[in-house]
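For the sequence shown, the working numbering begins at 7 and goes up steadily by one.
Heads up, the thing below is written out as structure tokens.
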Amino acid sequence: MSQDNATSAQSNGDALENLLHEGRQFPPSDEFAANAVAKPSVYDEAASEGTEFWARQARELLSWEQDFTQTLDWSEAPFAKWFIGGKVNAAYNALDRHVEAGNGSRVAINFEGEPGDVRRITYAELTDQVKQAANTIESLGVKKGDRVAIYLPMIPEAVISMLACARIGAVHSVVFGGFSSDALRNRIDDAEAKLVITADGTYRRGKPSPLKNAVDDALADGNSTVEHVLVVKRNEETVEWTEGRDLWWDKTVATASKDHTAVGHDSEHPLYVLYTSGTTGKPKGILHTTGGYLTQCAYTHKNVFDLKPETDVYWCAADIGWVTGHSYITYGPLLNGASIVMYEGTPDTPHQGRWWEIVEKYKVSILYAAPTAIRTMMKWGEDIPAKYNLSSLRVLGSVGEPINPEAWMWYRRVIGSDATPIVDTWWQTETGAIMISPLPGVTAAKPGAAQVPLPGINVDVVDESGESVPNGSGGYLVVREPWPAMLRGIWGDPERYKETYWSRFKDMYFAGDGAKRDEDGDIWLLGRVDDVMNISGHRLSTTEIESALVSHPSVAESAVVGATDETTGQAVVAFVILRGEAAEKVAAQGEDADTSEVVAELRNHVGKEIGPIAKPRQILVVSELPKTRSGKIMRRLLKDVAENREVGDVSTLADSSVMNQITQGLKK
Ligand code: PRX
């Protein structure tokens, strides 16, 4: 880690220093605690049982076709194997067994489309539909171990496709529907996907929005590994059609046989690959396997959200394209037989009360959302949620980025009737499932802190040399012991896995996050200490956006920073040096050059290369970038500019006048 990043982590830390003396605590009510799934004794149990704690959860929460003979094999660390010898089918566990247990008529998915159309799908119906999809996918030549890219909006077919793949042992790779065709193609190529499942489109802000055209663009050269494209009809817009390659879902899946027997897959059989941003320009395919992942998803979903599947209605407002959607829309909830809500659209369509209308309509009892959404709703004003009956809510969750205490308090007071426990859950695409979180019936919650590792999880905060820090100090977040849902590697790149996560500290997983322990030993997350940004809870790397910018003919060089943003947590701010005609034009116009045209073009270019979420909030045209003598860009200084602060220490710059030039130039 560079000094530069360490310093910026430090400044984050300093800003949050006062929070570490947070005095407010919110213990669960006696009634909540008495009825809670998780009891205080669970921490001692997990500590004394060691990995057997997880073996017990695996057997209690899942139905194994064949029991495992060994809980953990860590002999080839950092490559873990969990529940060795076991055979288990994810789809059978999420579906068939609930039907066999007599719960087939329970609603699995309450789907609410953006235009207001609804679908209620019971466990029996969902099981049938997944069997049909599994039969169709198999008939298209997809076999166990083959990869299937899923590029779908938030519609039930996304869940159905994931489970159909899991059923037959195909490895799904869900690509967020907001990613561009280029980003989709990169992911298809890296995973060598044989099939893409997509939709004609979706609805966005009250209008039909296309999706399949991005798949067509991605596959336009005809040189990919993709043999077929399965297309769900969602918005009835006209689409281009490639005969022989493209198939409609409603002409294939909907008419396929409903007979399909699920067989158990090896516990370590790959379940999915999900791409996420790291510190380099190339997204990493995070690999998750079956037995351990399912166990921790089911355990955490049940205990962290205090799930009572017979009575709760659970809504995770994330997108299926992110890990939160994988673990807490599809796998965790359905393994536990929960009734979920799935919503297709944006929170302000057709009005800013849409979320709360949905909570009232479905009597949602557990809501899991990102701080950026909470802060947006705060801005819209509390009179909006006040119009709805939110009394069904009994647990609120937060995920994806640090939740500031103010937003936490608002969430509890305005949404949670000043009574519901809030669980601030820390985890990552790589960890597969929640790692640090209060347990709602046990922990006295503190606004803004994820607080405690879950039972069976060994997390620590360490200093530069890997020593645990004392209470009241900060450092780096690490995981000291393997955990069941941990990533098993980076698709096709075992070395990068070792290098990225296991080389910074000996025998510890380095998460990339800064953290502090408060006086009580509770953990506070302080944001990333590497070049990863967190924009509205979406993970993007500075390098990824820099690469997108320099791929434009007008850009000679660029540097991107994540600047603090009141609503989105961080926002992308880019500094670019122009070249070619654009540079000449700006130079010819002199000091007052109007760069708005090129800036607009560059923003769109980033949108096209990666997706709209990556579009910089601001692009500043500069003539130089601040670099150290070894040529490394000092993003810390650019961050000072982007956040309107006094520029920090410039003594390590090769040319210390550069920052002056930048700030002077921008003032003009
Ligand atoms: O920086 C942490 C932040 O999100 C990163 C992981 O991003 P991703 O893999 O996209 O997964 C997000 C959903 C699990 C982490 O390294 N993060 C996640 N949850 C929290 C958080 N930061 C603070 N508090 C959290 N509760």
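The C-beta atom is built at its ideal place from N, Cα and C for all residues, glycine as well.
At a threshold of 8 Å, D519 counts as near ligand 1, since its beta carbon sits closer than that to one of the ligand's heavy atoms.
Judged by DSSP secondary structure, G481 falls within the beta strand (DSSP E) whose first and last residues are G480 to V485. Below 8 Å, too few C-beta pairs join the region 319-326 and the region 459-478 to call them touching: fewer than three. Cβ-Cβ distances below 6 Å link W508 to P84 in the same chain, with the five nearest sequence neighbours on each side left out; the list follows chain order. In the three-state reduction of the DSSP assignment, D188 falls in the helix class, which pools H, G and I. The DSSP assignment places complete beta strand (DSSP E) segments of no fewer than 3 residues inside the region 246-334 at 252-254, 276-282, 290-295 and 319-322, in order along the chain.
Closer than 8 Å to some heavy atom of ligand 1: that describes the Cβ of P408. DSSP lists A577 as the bridge partner or partners of A569. By the criterion of a C-beta distance shorter than 8 Å, I496 is surrounded in its chain by K290, G291, I292, L293, R502, Y503 and T506, once the five residues flanking it on both sides are discounted. Runs of the beta strand (DSSP E) spanning 3 or more residues and lying entirely within the region 513-567 occur at 515-523, 529-534, 538-541 and 544-547, in chain order. Excluding sequence positions up to five before and after I346, its CB lies within less than 8 Å of the CB of A114, I115, N116, V319, Y320, W321, C322, I335, P339 and L340, all in the same chain and listed in chain order. Three or more beta-carbon pairs separated by less than 8 Å are not found between the region 126-135 and the region 195-203, which leaves the two stretches without contact. For Q302, the CB contacts under 7 Å within the same chain, skipping 5 residues up- and downstream, are G438, A439, W489, P490 and A491 in chain order. With fewer than 16 other Cβ atoms from the protein chains shown falling within 10 Å of its own Cβ, V269 counts as exposed. Distances between the C-beta of L445 and the heavy atoms of ligand 1 are all 8 Å or more. In this structure, T296 is the residue among T296, V664 and I541 with its C-alpha nearest to the C-alpha of D272.
Under DSSP, I639 forms a beta bridge with K633. Rounded to whole angstroms, the separation of the alpha carbons of W361 and K367 is 10 Å. Of the residues P315, L608 and V43, the one whose Cα lies closest to the Cα of H558 is L608.
Closer than 8 Å to some heavy atom of ligand 1: that describes the Cβ of H544.
Rounded to the nearest whole angstrom, the CA to CA distance from S542 to S371 is 24 Å.
CA-to-CA, the gap between L493 and E587 works out to about 46 Å. With a threshold of 8 Å, the Cβ atom of E436 counts as near ligand 1, since some heavy atom of the ligand is closer than that.
Placement of the Cβ of T282 at a distance of less than 8 Å from at least one heavy atom of ligand 1 is found. For R153, the three-state secondary structure derived from DSSP is strand. Taking the C-beta atoms as reference points, S186 is found no nearer than 9 Å to I156. Shown here, W80 sits in coil according to DSSP, grouped into three states, outside any helix or strand. Counting C-beta pairs closer than 8 Å gives three or more between the region 159-168 and the region 205-225, which meets the contact rule. Residue environment: H357 is assigned as exposed (fewer than 16 neighbouring CB atoms within 10 Å of its CB, all protein chains considered). At least one heavy atom of ligand 1 is found less than 8 Å from the C-beta of V405.
In the DSSP assignment, N116 falls within the unbroken beta strand (DSSP E) covering V113 to E118. When Cβ pairs closer than 8 Å are counted between the two stretches, the region 516-524 is seen not to touch the region 548-557, the count staying below three. In the three-state DSSP reduction, V347 falls in the strand class (E or B). When the five nearest sequence neighbours on each side are left out, the beta carbons in the same chain lying within less than 8 Å of the beta carbon of K218 are those of T204, A205, D206, G207, V235, V237, V245 and E246, in order along the chain. V653 sits in coil when the DSSP states are folded into three classes, being neither helix nor strand.
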